[in-house]
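Everything below concerns the one structure shown next.
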Amino acid sequence: MAKDTLLVLSGGMDSTTMLWDYADTIAAAVTFQYGSNHNRREAECARWNCERLGIRWIEIDLEFMGRYFKSSLLSGADEIPEGHYADDNMRSTVVPFRNGIMLAVAAGLAESMELKKVMIANHSGDHAIYPDCRPEFVRSMGAAISDGTYEHLELLAPYTDMTKGEIALRGKNLGVDYSHTYSCYKGGEHHCGKCGTCVERREALEFAGIVLDND
């Protein structure tokens with residue numbers, strides 16, 4: 545099977561599962577540093593998993609987002625709201641057009657590397673709060689990437705209709721070690737367990753029957 549795909553890899557549960565799930569086709573993974581509280585912790589996990597799989601890992605600086613964009617995700621741990629993604633206050637964690645910017649850079653990188661596909665790990669739990677994770681966005685961005693590249697690169701988002709719990713169960717069957725993933729929006733040494741992504745992570749792990757010590 546040809547390794548013709550570039551994966552946008554955060555180091556969280558979803559993209560790490562995708563890394564292991566599609567390792568046979570992934571030529572490289574790219575992690576973006578955009579100034580979020582948890583960027584450093586996520587990047588450590590992204591690098592660790594790529595090393596285990598022998599997949600090239602690339603890190604790209606998008607620090608301008610942290611300086612100019614408005615989001616609690618970019619404003620320090622104290623600004624992160626607690627609660628479930630269904631709560632209105634979680635909208636403050638949206639980083640405007642983050643996936644659009646990252647996918648545009650990833651498409652340019654993939655074409656420069658003579659690859660044919662770009663992959664992103666959005667899922668159904670993201671749809672309500674994050675506009676740039678919804679199926680409509682993926683279709684539109686996929687069309688733009690195809691039309692804007694000589695080789696008509698393809699955007700793949702195979703987890704779009706899956707829940708995070710279903711992704712965790714898939715990862716469990718693949719043998720993914722979720723202790724080497726990171727999700728907490730506060731960016732502390734351990735997951736806070738209270739922010740939206742921590743709540744969603746805990747629910748997904750429980751759904752899949754996965755127990756992590758000192759998460």
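For what it's worth, our numbering labels the leading residue of the sequence shown as 545, then goes sequentially. Cβ coordinates follow ideal geometry from the N, Cα and C atoms, glycine included. Small disclaimer: the values here were computed from a predicted structure and weren't measured.
Quiz item: Identify the residues that DSSP records as bridge partners of glutamate 698: which are they?
Solution: Answer is Lys661.
Practice problem: May I have a chain-ordered list of the beta strand (DSSP E) segments no shorter than 3 residues that lie completely inside the region 672-749? | Solution: With a minimum length of 3 residues, the continuous beta strand (DSSP E) runs that stay inside the region 672-749 are 698-700.
Self-check item: Coil, strand or helix - aspartate 568 by DSSP
Solution: Shown here, aspartate 568 sits in coil according to DSSP, grouped into three states, outside any helix or strand.
Quiz item: By DSSP, does alanine 573 sit in helix, in strand, or in coil?
Solution: Alanine 573 falls in the strand class under three-state DSSP.
Practice problem: Within its chain, find whatever has a CB closer than 8 Å to the CB of valine 682; leave out the 5 residues flanking it on each side and keep chain order. | Solution: Excluding residues within five positions, the ones whose Cβ falls inside 8 Å are Ile664, Asn666, Leu699, Ala701, Thr704.
Self-check item: Distance, isoleucine 673 Cα to arginine 635 Cα
Solution: If I take the Cα positions, the gap works out to 6 Å.
Quiz item: Near arginine 501, which residues of its chain fall below 8 Å by C-beta distance, leaving aside the five closest residues on each side in sequence?
Solution: Given that the chain is displayed from residue 545 to residue 759, the structure contains no residue 501 and the question cannot be resolved.
Quiz prompt | Distance CB(leucine 618)-CB(asparagine 581) smaller than 9 Å | solution = In terms of Cβ geometry, leucine 618 and asparagine 581 form a close pair [threshold 9 Å].
Quiz prompt | Those runs of the alpha helix (DSSP H) which lie wholly inside the region 611-658 and span at least 4 residues | solution = As summarised for the region 611-658, the continuous alpha helix (DSSP H) elements at least 4 residues long and confined to that stretch are 642-656, given in chain order.
Quiz item: Should the region 553-571 be called in touch with the region 733-740, which here means at least 3 C-beta pairs below 8 Å?
Solution: No, the region 553-571 does not touch the region 733-740.
Quiz item: Taking the alpha-carbon positions, what's the cysteine 677 to alanine 621 distance?
Solution: Taking the straight line joining both Cα atoms gives about 23 Å.
Practice problem: Would you kindly work out how many angstroms separate the C-alpha atoms of leucine 550 and aspartate 757, rounded to a whole number? | Solution: The straight-line gap from Cα to Cα measures roughly 32 Å.
Quiz item: If you draw a straight line from the C-alpha of tyrosine 578 to the C-alpha of proline 640, how long is it?
Solution: Taking the straight line from one Cα to the other gives about 12 Å.
Practice problem: Put aspartate 558 into one of helix, strand or coil per three-state DSSP. | Solution: Note: aspartate 558 maps to helix in three-state DSSP.
Quiz item: With burial defined as no fewer than 16 other Cβ atoms inside 10 Å of the residue's Cβ, what is the status of leucine 597: buried or exposed?
Solution: Exposed: under 16 other Cβ atoms inside 10 Å.
Quiz item: When you compare only the Cα positions, how much space is there between serine 690 and serine 684?
Solution: The straight-line gap from Cα to Cα measures roughly 10 Å.
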